[in-house]
Structure formats: structure tokens, C-alpha cells
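For the sequence shown, counting from 1, position 15 maps to 15 in UniProt numbering; every step adds exactly one.
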Amino acid sequence: MKLQRRKFGKKAMDEEIASIEKNHTWDLVDLPDEKNLIGVKWMYKINYKEDGSIHKHKARVVAKGYSQQPGVDFTKTFAPVARMETIRILFVISAQLELPVYQLDVKSACLNGKLEEEVYVEQPIGYTVQGKEDKVYHLIKSIIWAQTSSK
């Protein structure tokens with residue numbers, strides 16, 4: 001079972017890196033002088049079907065945002081999240097007007113927000129570019145938990 005999870009985890013990690021590269025989320029560069037390097041780590045999740053069987057393995061590269069310094073690495077934070085009251089009101093209105101309600105998932109939505117600050121992160125474990133081990137990634141767009149403002 002452990003080997004099977006490792007295999008699925010690797011596939012999920014490959015998909016995450018492919019998505020990051022497809023979205024042009026970062027560039028491999030030298031770390032500029034006097035810039036802070038932020039660590040990254042892998043987070044894993046298993047999505048289950050209603051019957052309890054495994055639907056999908058997910059892996060995400062997340063920045064260790066707690067190591068960022070306010071005023072140095074970022075000046076403000078922003079997370080576009082709807083309040084629960086707003087969602088309830090929308091459901092009430094759609095029910096009263098007999099409108100259909102649809103759900104959707106924006107794949108890699110967090111990878112689409114452009115950053116205002118210059119943020120540099122280490123290369124993820126298992127995905128270090130050979131011959132460029134001393135390089136770091138300059139974030140062009142946000143990744144999960146990086147405490148910066150993306151617009």
C-alpha cells in the first residue's frame with residue numbers, strides 16, 4: 001500500500017509542477033543580494049468518492065509563508081473569499097427566482113494571481129534542476145500560503 005501511495009503521490013507532484021510551469025508561475029534565477037529566500041514544502045491530500053474509494057491524489061507546493069517578514073517580503077495580504085452570508089443570500093435569491101445553481105472548480109486558481117512584491121523560493125524537494133542546484137525560483141504569480149498580495 002505504501003508503494004502505491006508513493007506512486008500516486010509522485011504522479012500528483014508531477015501534475016502540480018506541470019501546472020506551475022504551464023501557468024508561468026516562476027522563473028529559475030540567482031538569488032539577488034539582500035533578498036530573503038522562502039522555503040517550500042509539499043502538502044498532500046486524497047479526495048474520496050461518496051463510497052469511500054479514492055477519487056484523486058493531490059499534491060501542492062506551498063510556500064512557508066510564516067518565514068516572510070512584513071514590510072520586507074510583503075506589505076499587504078489579500079484572499080478573495082466570499083462570506084458565508086453572501087453565499088446564503090445568493091442561494092435564497094436563486095431559489096425564489098427558481099434559477100439553477102452550478103458549482104465549478106477553477107483548477108490551479110491560486111497560480112493565476114500576479115504578485116506585486118519580489119518573492120524568491122527554494123526549489124521543491126524532488127524537483128531540483130540538475131546543474132542548477134544553487135538557483136532559486138522568482139515567483140511571478142502566487143503559490144499557496146505565500147503571504148503576499150496577488151491581483
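Cβ atoms here follow ideal geometry from the backbone N, Cα and C, with glycine treated the same way.
Cβ of Pro100 within 8 Å of Cβ of Trp42?
With contacts defined as CB atoms closer than 8 Å, Pro100 and Trp42 fail to qualify as a contacting pair.
Determine the burial state of Thr86: buried for a count of at least 16 other Cβ atoms within 10 Å of its Cβ, exposed for fewer.
The residue is exposed, with fewer than 16 neighbouring Cβ atoms inside 10 Å.
Bridge-paired residues (DSSP) for residue 162
Residue 162 lies beyond the residue range present for the chain, which begins at 1 and ends at 151; the question has no answer from this structure.
Between the beta-carbon of residue 202 and the beta-carbon of Asp27, is there less than 8 Å?
Only positions 1 to 151 of the chain appear in the structure, and residue 202 is not among them; the question remains open.
Given a threshold of 16 other Cβ atoms within 10 Å of its Cβ, counted over all protein chains shown, does Arg83 qualify as buried or as exposed?
exposed
Cβ atoms of Ala63 and Val40: under 8 Å apart, would you say?
Yes, the Cβ-Cβ distance between Val40 and Ala63 is below 8 Å.
Pull up the CB-CB distance for Ala18 and His57, whole angstroms please, since I reckon it's below 8 Å.
Not a contact, Cβ separation roughly 15 Å.
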